[in-house]
Structures are given as C-alpha cells and as structure tokens.
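*Asks:* Below is a structure I'd like to ask you about.
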Amino acid sequence: MRGNMRRSKILSTGRCLPERVVTNHDLAKVMNTNDKWVQERTGIVERRYAEEDVGASDLGYEAAIIAIERAGIKPEELDMIIFGTLSYDHVFPGSSCILQEKLGIPGVATLDVRNQCTGFMYGVAIADQFIKTGMYDHVLVVGAEIHSAGMELTDSGRNVSVIFGDGGGAAIVGVSDDDNRGILSTHLHADGRGFKSLWIEADSCRKKPRITHQMLDAGIVWPNMNGGKVFKNAVTRLPEVINEALDANDIKIDEVDHLVFHQANMRINQYVAHKMGVPEEKVWHNIQRYGNTTAATIPLCLDEMLEAGVIKDNDIVLIAAFGAGFTWASILVRW
Ligand code: UT7
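The numbering of the sequence shown is the working numbering, which starts it at 132 and goes up by one.
Encoded structure:
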C-alpha cells in the first residue's frame, strides 16, 4: 500500500568506463584461455581495465557528475550518497565518503552497500524508501568497480578473471512529478548459504593479523567461484524475482518493454529471457564490451539505453540481478 506516500523516480543516469580495452586475445597471452571459449560461454569479447591509482570512487565521481547535471541539480542538492562496490578504494572508510569529498559536499549522508552484483539495486531500493517517505528529495546511487586490481591473471584464476571488468555508473533517484510513473516496486533477497560459492576468503578479520604472506602464497586473496552452482542458482532465482515484480504490480510479462539484467553472463540472460518468453529485442546486453562490472552493470545498461533512446517515457522497464552472497533483486519501473 502506498497510502499518501510520494512516488520516486530515476531522474537521470551517468557512466564512466576506463579507456584501456583488454580483449580476450590479450588475456590469452598471459593465461591458458582463448577468445572462442570466453565468447561461447559468456558472450564477452572485451572489458576495460583502469590505470594505476584509479579507484571505484573516481569512476563513480565521473558517472555521478554526469547524472547530477542531467538531473538539473547541483551537488549541494543531494541528500544522500549510496555507493555499491565490492572493490573499495580502501578497506575503510567506505567509497561513499571518498566520493562525497570529491563532490565537495560535506555533511551529506553517505552509505556503502556491500551486496556485490545487486549493490546498485539494493541502493536504489534504499533510496526509494527515503524518497517515498519524504525524508529526502535527491539520492545519488552509484555502482562502481575496479576488478582489474583483484584478478588472478594466471591459468588457475582463468575461470573468474576472464569475466570481470572495471566500470562505474550512477543514478539520481528523486521525486516523480507523475504518480503513475517512476519506481513501481523493489524486491530484495539473499541466501547466505551460498556465500562460499563466490567469494574472496582473505584478507580476513577472523585472522590475526588479517593479511599474511601465507594467505598470498595460498592464493586465497583471489576471487573463487563455483561457476556451475552460481549459474544454476541464477537461472532459478532470476525468473522467480521477475515474476514477483510482475505479480506485485499485476503486470504481464508481455507488457514489459525492456528487460535489463545484471551482466554476469549473456548465456544466463538469454536463457532466462527465452524461458520467460521475452523476445531478444527487449533485452539489452553490453557484457560483450565491458564484461561483468558487478555493481556497475545496471546503471551502465540504463545509461546506454537512455542515451540510445531505447527507453522512452512510460515504457515498462524490469530490472533483475543475481550474484554473490547469494543476493538477487528486481525493480519494476514505469519510465
Ligand atoms: O556476477 C556474479 C555472478 N556470476 C555468474 O553468474 C557466473 C555464473 N557462472 C558462469 O557463468 C559459468 O559457470 C562460467 C562462464 C564462469 C564457466 O562456465 P562453465 O561452463 O561452468 O565452465 P566450467 O567452470 O565448468 O569449466 C569447463 C571447462 C573446464 O575444463 P575441463 O575440466 O572440462 O577440462 C575448465 O577448466 O572449461 C575450462 N575453463 C576454461 N577454459 C578456457 C575454465 N575457465 C576457462 C577459460 N578459458 N577462461
């Protein structure tokens, strides 16, 4: 029930990709992989890697200033910054504080969301609640990652390292001036039983000290993924959470104009879209060019779609993501 609450809306988006392109052929020079394997299994052709000394907050900043300008506001008008990332600038404080310093708006509330592939979605859901209740008018939600700093570029890390890339996206969530348009629903889920299926074991504050030479030597500082298990859970949970959004809004899948998936694997998204009877032309992919940018994939997709004029006013846009944790989520928007 909405009662007399306000409706929130994604007012604008922005994106930032590092310039350096790393192709599958480039990776094949340093590990035992090949372009055919990567493209067939994932759809990925190339990804971007940031240069030394560029952090998630830098990509987030570039994306944020575009989104702020497009929303027609000044940074001072932001009430809160929510930052989704797993590849933080520093262990602490969170990248949201670092971004706030770059934007020059001391005093504004900041929050880091550590929800991996659904970090941006959880961020939008939190923003939606603050806007709906009238507490805030403008919330900046960022998803940005520097995966290139944490990839094991060797044979033993190949199943993970070919997938991920760097990138940042941002959105301003504000008040809708049309009660029928904006964020219709958000559905958030998690299942911690899958936490070791995609994780980095160390450094770890369970250990004293939390980082040792032995950890480095054992290779437990690199991401570890049970790809098959993640894949199976993704193709189960995504249809569930999509149907949850449709049912909650009494909308049929045929009425959806655009299905925007987290870009983890093009084959997962094609499988789910096919299973749900959604035609290819309604599904946006950019994993070919960027790989999996975790918290950044959704704002990167939205920003490209808006720029290309693919998403039009009043279109029904269904956003869905699944990833590490496990966490999964859907957001339904009438644009
Ligand atoms: O955003 C986070 C969420 N993540 C996901 O949703 C990822 C979900 N999982 C996947 O997308 C797939 O599991 C992968 C694309 C990661 C891997 O595909 P797979 O079909 O599950 O491959 P696999 O790990 O079972 O490996 C198949 C074979 C193995 O060789 P053998 O044992 O059959 O001889 C691997 O060693 O492919 C080999 N392999 C590679 N070969 C070339 C693994 N990685 C590579 C590689 N290049 N990069």
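We put the CB at the ideal spot given by N, CA and C, even for glycine. If you're wondering where the values come from, they're calculated on a predicted model, not measured in any experiment.
Taking 7 Å as the cut-off, is the CB of T249 close to at least one heavy atom of the ligand UT7?
*Replies:* Incorrect: T249 has no Cβ contact closer than 7 Å to the ligand UT7.
*Asks:* Any idea which residues DSSP pairs F261 with across the strands?
*Replies:* F261 pairs with nothing; no bridge assigned.
*Asks:* Report yes if the C-beta of L463 is less than 7 Å from at least one heavy atom of the ligand UT7; otherwise report no.
*Replies:* False, no ligand heavy atom lies under 7 Å from that Cβ.
*Asks:* Since H405 is in the alpha helix (DSSP H), which residue starts that stretch and which ends it?
*Replies:* It spans M397 to K406 - the alpha helix (DSSP H) in which H405 sits, taken as one unbroken run.
*Asks:* Identify every run of the alpha helix (DSSP H) within the region 243-314, keeping only runs that are complete inside it and at least 4 residues long; order them along the chain.
*Replies:* Complete alpha helix (DSSP H) runs here, min 4: 250-263 and 289-292.
*Asks:* Would you say G440 touches the ligand UT7, meaning its beta carbon is less than 7 Å from a heavy atom?
*Replies:* No, since every heavy atom of the ligand UT7 falls outside the 7 Å radius drawn around the Cβ of G440.
*Asks:* Give the straight-line distance between the Cα atoms of V116 and E150, rounded to the nearest whole angstrom.
*Replies:* No answer is possible for residue 116: the residues shown for the chain start at 132 and end at 466.
*Asks:* I'd like to check one pair, A187 with S218: are the Cβ atoms closer than 8 Å?
*Replies:* It is a contact, given that the beta carbons lie within the stated cut-off.
*Asks:* Less than 7 Å between the CB of G281 and some heavy atom of the ligand UT7, yes or no?
*Replies:* Result no, Cβ not under 7 Å from the ligand UT7.
*Asks:* So the candidates are M136, V152 and A194; which of them puts its Cα closest to the Cα of E435?
*Replies:* When only C-alpha atoms are compared, the closest one is A194.
*Asks:* Does any heavy atom of the ligand UT7 sit closer than 7 Å to the C-beta of A108?
*Replies:* Absent from the structure is residue 108, since the part of the chain shown begins at 132 and ends at 466.
*Asks:* Within 7 Å: the Cβ of G323 and any heavy atom of the ligand UT7?
*Replies:* No, the Cβ of G323 stays beyond 7 Å of every heavy atom of the ligand UT7.
*Asks:* Is L329 close to the ligand UT7? I mean its beta-carbon at under 7 Å from any heavy atom of the ligand.
*Replies:* Within the cutoff, so yes.
*Asks:* From this set, P370, S316, K205 and G298, which residue's C-alpha is nearest Y421's C-alpha?
*Replies:* The option with the nearest alpha carbon to Y421 is G298.
*Asks:* Given N163, which residues of its chain have a CB within under 7 Å of its CB, disregarding the five upstream and five downstream residues?
*Replies:* The answer, listed in chain order, is D286 and R289.
*Asks:* Could you spell out where the alpha helix (DSSP H) holding M211 opens and where it closes?
*Replies:* Here M211 belongs to no alpha helix (DSSP H); instead the beta strand (DSSP E) covers M211 to G215.
*Asks:* Where DSSP assigns a beta bridge to H320, which residues make up the other side?
*Replies:* W459, per the DSSP bridge assignment.
*Asks:* Suppose the cutoff is 6 Å on Cβ atoms and the five residues either side in sequence are ignored; what does the same chain contact list for E332 look like?
*Replies:* Taken in chain order, the residues that qualify are I351.
*Asks:* In the structure shown, what three-state DSSP assignment does S143 receive?
*Replies:* The answer is strand: DSSP assigns S143 an E or B state.
*Asks:* V361: beta carbon under 7 Å from a heavy atom of the ligand UT7?
*Replies:* Yes, the ligand UT7 has a heavy atom inside 7 Å of this Cβ.
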